[in-house]
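A short worksheet on the structure shown next.
Protein chains in written order, with our numbering: chain W, 1 to 253; chain B, 254 to 547.
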């Protein structure tokens, strides 16, 4: 009975028009709980997506976040893990169809949260780890990106927009929002490190993350970006400590 | 608990994210701090977890859970409980607590402390859940009285009677929130003196004080009533300090925590609130000594 009562109560929290039968005499008081649940989830989303909120404005953001919270309440009692599907929710919103950069930036903000809560890698391969391999084997190796590494590519200027909202200036005049940009994120000991990377470099990292060999990943990157420089990209990622493991080509291990 | 409990004899503050770096770098005149457990359910390598481990070297901790949903009729989330267990084993807090409330049903988490009817059925649910939590965690839980806005039908017990039953049946302690009593008393027209008379004060292991706000409830453009909202967003008002003073005079000195979660002020404002609480604890302690001598 208590379970059904709690289900009834929860339905009332998500649906403005529903109040549990036993509490119909006291709808005003019931609304305190409904408003409190909504406000706390909206606040959590606002904290998770601060630049997205600046982009669309507080009122619009809060209204959309409240709808999202009613439709997709959290599944686990950890608010830091809440909002993973919010960027896609924004992407599906008809009112934002003409502003795809909003969902792109939200995706970037979520990647930042994921990287932060994953924490820095415990085990990394050393920059010189590839030296021991014969040159003909090297392209066949597969590199496992460390767990906090994230690569976000957008059809819009996600990096320029994000960085422009980090200070007080918010100088957006010179940004070409339609310029496709890619961002690399990883967690260091004191927080998340972010940088803009070339599109080819991003495709290369994503392909490695999918388990492709260095050779295949480089081919994919070159197809996406003729300017891709394998040596420079690989050297910079090894220096940054981006990989947790090396696997040889199957049959050669 | 004996040794750990001795370091919890004074006032403290809740550790909030805006103050994390500052508190990590300085040594406050406090012996303990309270954290929200759910904020630290992280891999131990995460920067925030590293920060709390560093802070833990200098302070005892009270870990305050906000998501276990002790009142859920279908039992507890075992994964969440396992996460809490790992956290507590790592941080070794002197006190751990949860709320007399529910927030989870059918796999959805509503991020609020929702009210329970104080029925015989709810009593069994709560006691079963507390038994399981205490067994899995291997620690004694303190259970906090909620701030209430609704008088629910189907109650077989008053709140203090309900709290007494769970203390007797499960061996748990109480985290008594004075602000919640003040807010509930206003909203539900409770008599605080009668409430405190019924409360099993010996079971209190920690006390909370906080600020609240007033909200006018409007119907057809007219204010029909004013309710108090437990929003932890301002200084502790005089009425709540007065109620704390009454509780301390009945229960004796206890660790008192100042909660401030929204519109978090600069650290020195929070510390000034803790100093006020400390003065009340000290006054209660010296009165106790006088009466003991007499």
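All C-beta atoms in this analysis are idealised placements derived from N, C-alpha and C, irrespective of residue type, glycine included.
DSSP places residue 194 of chain W inside the beta strand (DSSP E), whose first and last residues are 191 to 197. Boundaries for residue 174 of chain W: no beta strand (DSSP E) harbours it, and the DSSP string shows neither H nor E there.
Using a Cβ-Cβ cut-off of 7 Å, residue 61 of chain W is close to nothing in chain B; its nearest Cβ partner there is about 18 Å away. Within 10 angstroms of the beta-carbon of residue 307 of chain B lie fewer than 16 other beta-carbons, which makes it exposed. In this structure, DSSP gives residue 472 of chain B an extended state, which the three-state scheme calls strand. At least one CB atom of chain B sits nearer than 8 Å to the CB of residue 78 of chain W. Between residue 497 of chain B and residue 462 of chain B, the C-beta gap is smaller than 8 Å, which places the two residues in contact. The DSSP-derived three-state label of residue 443 of chain B is coil. For residue 268 of chain B, the closest of B/525, B/530, B/517 by C-alpha to C-alpha distance is B/517.
In the DSSP assignment, residue 367 of chain B is bridged to B/355. Boundaries of the beta strand (DSSP E) harbouring residue 429 of chain B: 426 to 430, taken from the DSSP string.
Residues 103 of the same chain have their beta carbon placed closer than 7 Å to that of residue 91 of chain W, with the five preceding and five following residues left out of the count. The beta carbon of residue 403 of chain B falls within 8 Å of a beta carbon belonging to chain W, placing the residue at that interface. By the rule that beta-carbons nearer than 8 Å mark a contact, residue 122 of chain W touches chain B. Pairing residue 441 of chain B with residue 5 of chain W, the inter-Cα distance amounts to about 21 Å. Leaving aside the five residues that flank residue 295 of chain B on each side, the residues in its chain whose CB is nearer than 8 Å to its CB run, in chain order, 301, 302.
Within the stretch 470 to 493 of chain B, the residues whose Cβ lies closer than 8 Å to any Cβ of chain W are, in chain order, 470, 472, 477, 478, 480, 482. Judged by DSSP secondary structure, residue 63 of chain W falls within the alpha helix (DSSP H) whose first and last residues are 58 to 71.
Counting only runs of 3 or more residues that sit fully inside the stretch 136 to 175 of chain W, the beta strand (DSSP E) segments are 142 to 145, 150 to 154, in chain order. At a cut-off of 8 Å between beta-carbon atoms, residue 7 of chain W makes contact with chain B.
The residue from W/14, W/28, W/22, W/1 with its alpha-carbon nearest to that of residue 473 of chain B is W/28. DSSP places residue 114 of chain W in the uninterrupted alpha helix (DSSP H) bounded by 100 to 118.
With respect to the 8 Å criterion, residue 218 of chain W and residue 230 of chain W are classified as neighbours on the basis of their beta carbons. Counting along the chain, residue 289 of chain B sits inside the beta strand (DSSP E) bounded by residues 285 to 289.
The stretch 388 to 398 of chain B and the stretch 418 to 436 of chain B touch, with no fewer than 3 CB-CB distances between them shorter than 8 Å.
For residue 236 of chain W, the uninterrupted alpha helix (DSSP H) segment begins and ends at 230 to 240.
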